[in-house]
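Here this note's numbering is used: the first residue of the sequence shown is 278, the next is one more, and so on. Below is one structure; the comments refer to it alone.
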Amino acid sequence: MTVESTAARTPRRSAGSKAGATGTKRTTRTTAKKDDGTEPQLVQLLTPEGKRVKNAEYDKYVAGVTPEELRGLYRDMVLTRRFDAEATSLQRQGELGLWASLLGQEAAQIGSGRALRDDDYVFPTYREHGVAWCRGVDPTNLLGMFRGVNNGGWDPNGNNFQLYTIVIGSQTLHATGYAMGIAKDGADSAVIAYFGDGASSQGDVAESFTFSAVYNAPVVFFCQNNQWAISEPTEKQSRVPIYQRAQGFGFPGVRVDGNDVLGCLAVTRWALERARAGEGPTLVEAFTYRMGAHTTSDDPTRYRGDEERQAWEAKDPILRLRRYLEASNHADEGFFAELEAESEALGKRVREAVRAMPDPDHFAIFENVYADGHALVDEERAQFAAYQASFADEGGN
């Protein structure tokens, strides 16, 4: 399969089809405008057609990017998408308990991830598979967590990449505290915290903004606005574009085209340099789109229309960089063919690794809830044991 077509492989209902048994109304939305009717300012260096756009403020941050590095960014996005697609398939086959796909958000994650230095520190949510890739985390470790056989499987200090955070928004507090600490230590490294548009409504995020501004913490808040907090659209999260929220806390915010890997690279480099120079926090809003479901337990056809997704498929981050590479003669068919083979090899490696993992211990959830045990936990364990045993009895009949 070709990597560009992956985004369109998910079956979709027609625009006129019903939402389902619940009758939930699906919506097709347009980009929200500011109160004065104008579109929010958007940093874009690479158009959906693959054309390079000049930007006097941010061009210097990608001026030294070589053709080899451009091919590297493309490779990162392709392999990340391939891994993500394999993980989704494995969950559907019962090998994983859950999976949160990043489909459509590759440019935001790879662009920002490649802007980091080795000594910078990352605090992710649970969807930053592309950033994990950039930090050298083995993809199979991510899958071990979603299979339930480990709590992450990597040493956070080995890659300066913290374990995935499931609690919405709490990682921004962790990042702020860590950033305040390295500032007191006199280090010139920076911290980046990833979160989504839905998490921006959490109190933890507001507290993080307050503390980072007051203490001038060297932290970049990177919001991947994929426009849907599960089934809740962004316009029900904020009356203003998310990047403008930073103004009220006293630090700058910027909106970048989250499907433009060059734009995300440039803006994140700028924000990280500010942090390292002691100029305090920055809010980056990467305006992108979640092409798939929130997680594999979600059905996006129940709350959004096909037209919206189709419009964003035309802005695919991988396709636009390929167009630029081809138009600039920075890559030939041999490169793309070799990468396709590499992506298939990655998919095979991931499949084999997951299927070789042990089954999770069904009863581990009851351990360590209380130090000395608890009668209610014992009762629940017994009920769960009886439930598990019922399947064995049915199989024997």
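By construction, the Cβ of each residue, glycine as well, lies at the ideal position given by its N, Cα and C atoms.
Is the beta carbon of residue j closer than 8 angstroms to that of residue i?
| i | j | result |
| --- | --- | --- |
| Arg391 | Met634 | no |
| Thr573 | Gln318 | no |
| Tyr664 | Val654 | no |
| Phe488 | Leu560 | no |
| Leu675 | Leu598 | In the structure displayed, the chain extends from 278 to 674; residue 675 sits before or after that span and is not available. |
| Ala652 | Val538 | no |
| Ala543 | Tyr338 | yes |
| Cys500 | Ile519 | yes |
| Phe438 | Ala456 | no |
| Asn503 | Asp481 | no |
| Gly695 | Tyr566 | Outside the displayed range of the chain (278 to 674) lies residue 695, so it cannot be described from this structure. |
| His720 | Trp505 | There is no way to answer for residue 720, as the model of the chain reaches only from 278 to 674. |
| Thr449 | Ser485 | yes |
| Val399 | Ile469 | yes |
| Gly535 | Phe564 | yes |
| Gln370 | Leu379 | no |
| Leu373 | Leu420 | yes |
| Leu596 | Asp397 | no |
| Glu562 | Gly530 | yes |
| Ala523 | Val496 | no |
| Pro594 | Met354 | yes |
| Glu657 | Phe643 | yes |
Just how far apart, CA to CA, sit residue i and residue j?
| i | j | result |
| --- | --- | --- |
| Arg412 | Asn436 | 6 angstroms |
| Val533 | Phe668 | 51 angstroms |
| Asp609 | Trp431 | 36 angstroms |
| Arg359 | Asp395 | 25 angstroms |
| Glu556 | Asn434 | 25 angstroms |
| Asp403 | Asn332 | Here residue 403 turns out to be Tyr, not Asp, going by the sequence shown. One C-alpha to the other measures close to 32 angstroms. |
| Ala662 | Asp638 | 12 angstroms |
| Asp462 | Ala494 | 12 angstroms |
| Gln660 | Arg348 | 55 angstroms |
| Asn427 | Thr442 | 14 angstroms |
| Ala588 | Gly582 | 11 angstroms |
| Ala467 | Ser389 | 13 angstroms |
| Ala476 | Gly446 | 5 angstroms |
| Glu629 | Ala364 | 12 angstroms |
| Met568 | Arg586 | 7 angstroms |
| Glu615 | Pro344 | 17 angstroms |
| Arg546 | Tyr471 | 15 angstroms |
| Ala604 | Glu334 | 24 angstroms |
Which residues does DSSP pair with residue i in a beta bridge?
| i | result |
| --- | --- |
| Trp505 | Pro510 |
| Asp534 | Phe564 |
| Gly473 | Gln501 |
| Arg329 | Leu323 |
| Ala559 | Residue identity differs from the one stated: residue 559 is Thr in this sequence, not Ala. DSSP output for Thr559 lists Val497 as bridge partner(s). |
Does residue i come out as helix, strand or coil in the three-state DSSP assignment?
| i | result |
| --- | --- |
| Asp649 | coil |
| Phe438 | strand |
| Tyr398 | strand |
| Val468 | strand |
| Val444 | coil |
| Gly454 | helix |
| Ala298 | Low per-residue confidence applies at Ala298: pLDDT is 39, beneath 50, and the placement is therefore not dependable, though the value from the model is reported in the following sentence. Coil at Ala298, not helix or strand. |
| Glu346 | helix |
| Glu334 | coil |
| Ser605 | coil |
| Thr573 | coil |
| Val517 | coil |
| Gly540 | helix |
| Tyr492 | coil |
| Lys461 | helix |
| Phe661 | helix |
| Gly314 | Model confidence at Gly314 stands at a pLDDT of 48, short of 50, so the residue's coordinates are unreliable; what they give is reported in the following sentence. Gly314 falls in the coil class under three-state DSSP. |
| Gln587 | helix |
| Ala340 | coil |
What are the start and end residues of each continuous alpha helix (DSSP H) run of 4 or more residues lying completely inside the region 349-383, in chain order?
-> none
What runs of the alpha helix (DSSP H), each 4 residues or longer, lie entirely inside the region 606-634?
-> 610-632
Unbroken beta strand (DSSP E) runs of length 3 or more, entirely within the region 386-432: which are they?
-> 398-400
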